[in-house]
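Numbering-wise (the working numbering), the sequence shown opens with residue 1 and increments by one.
Heads up: the structure comes next, in structure tokens.
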Amino acid sequence: MRKGFVCAVLVSTLSSCGLLPPKWVSDLKQEGVRQPVQEAYHLKDESFNYNELIDTNAVYTSTNDWVFTNQRGKVVQGETIAYDFIRFSNHGLAFISRFNYQKPSVKEVNSFNNGQFVYYTTEGDVLKLEFYNHDRGYFQYWYGRIKDDGIYFYKYKGRPWGTSTGKLNFIYHKEPIEVNQPLNFPGTRP
């Protein structure tokens, strides 16, 4: 009895710290990417105040140049342009999409394909975005400064604390777009 209780407490502690993979609510339409359950996000539980610096009627887009190589470093596909985008709600939920090979269209921004639902918060002009990094296998926080023309991400921290920290230099430019689908976390009602 005592051994089972200790194991349950240990598993619960490791899970809440982020040392175990989260439970998944669904597979997303991007191959190999799953959506963590709402309870896995720590920012979900923080009090949220909407910041008017975030434009919920826009999409924030980053343009990236990629060169794909094999394990030996030989180029297998020349330079490719990929687009990432983030769309924000006014209640702390966002959708981040990665590695689209064309600029996001109205249909793409409203269909919630190829990405994951995430949480964010702001304090002044600083944005904190929490998402599950599938490549690393743990949650990360990205920190960015909100400007009139976009968001300038400058650092990241892994969760659990101490797994990783580093500098970022990503700019997500704000672009107006028609928003016709509200952001709702999968499996929840609006």
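Quick reminder that beta carbons are idealized off the backbone N, C-alpha and C, glycines included.
Identity of the residue in the options nearest residue i by Cα
| i | options | result |
| --- | --- | --- |
| Asn49 | Tyr41, Ser89, Tyr138 | Ser89 |
| Ser97 | Thr122, Asn169, Phe131, Leu168 | Phe131 |
| Leu274 | Ile177, Tyr154, Glu178, Pro176 | The displayed coordinates of the chain run from 1 to 190. Any statement about residue 274 would go beyond what the structure contains. |
| His91 | Gln116, Ala58, Lys147, Tyr120 | Tyr120 |
Buried or exposed by the 16-neighbour rule on C-beta atoms within 10 Å, applied to residue i
| i | result |
| --- | --- |
| Tyr101 | exposed |
| Leu159 | Looking at the sequence provided, one finds Arg at residue 159 rather than Leu. It counts as buried. |
| Ser111 | exposed |
| Asn114 | buried |
| Gln109 | What sits at residue 109 in the sequence shown is Val, not Gln. Label assigned to Val109: buried. |
Integer-rounded CB distance, given that residue j should sit under 8 Å from residue i
| i | j | result |
| --- | --- | --- |
| Lys128 | Leu183 | Not confirmed; about 17 Å, so no contact. |
| Val106 | Glu178 | 5 Å |
| Asn51 | Thr122 | 4 Å |
For residue j and residue i, the rounded distance between their alpha carbons
| i | j | result |
| --- | --- | --- |
| Tyr156 | Ile54 | 20 Å |
| Asp84 | Glu39 | 25 Å |
| Asp149 | Lys174 | 5 Å |
| Gln71 | Asn180 | 43 Å |
| Tyr143 | Ile151 | 9 Å |
| Thr63 | Gly73 | 23 Å |
| Ile171 | Tyr60 | 9 Å |
| Lys103 | Gly124 | 30 Å |
| Gln35 | Thr80 | 27 Å |
| Ser47 | Val37 | 19 Å |
| Gly187 | Arg145 | 31 Å |
| Asp45 | Ala82 | 33 Å |
| Pro176 | Lys147 | 15 Å |
| Ala94 | Asp65 | 24 Å |
| Tyr41 | Gln116 | 12 Å |
| Arg87 | Gln140 | 18 Å |
| Val126 | Phe185 | 23 Å |
If contact is defined by three or more beta carbon pairs under 8 Å, each pair taking one atom from either stretch, is the stretch 128-142 in contact with the stretch 159-168? yes
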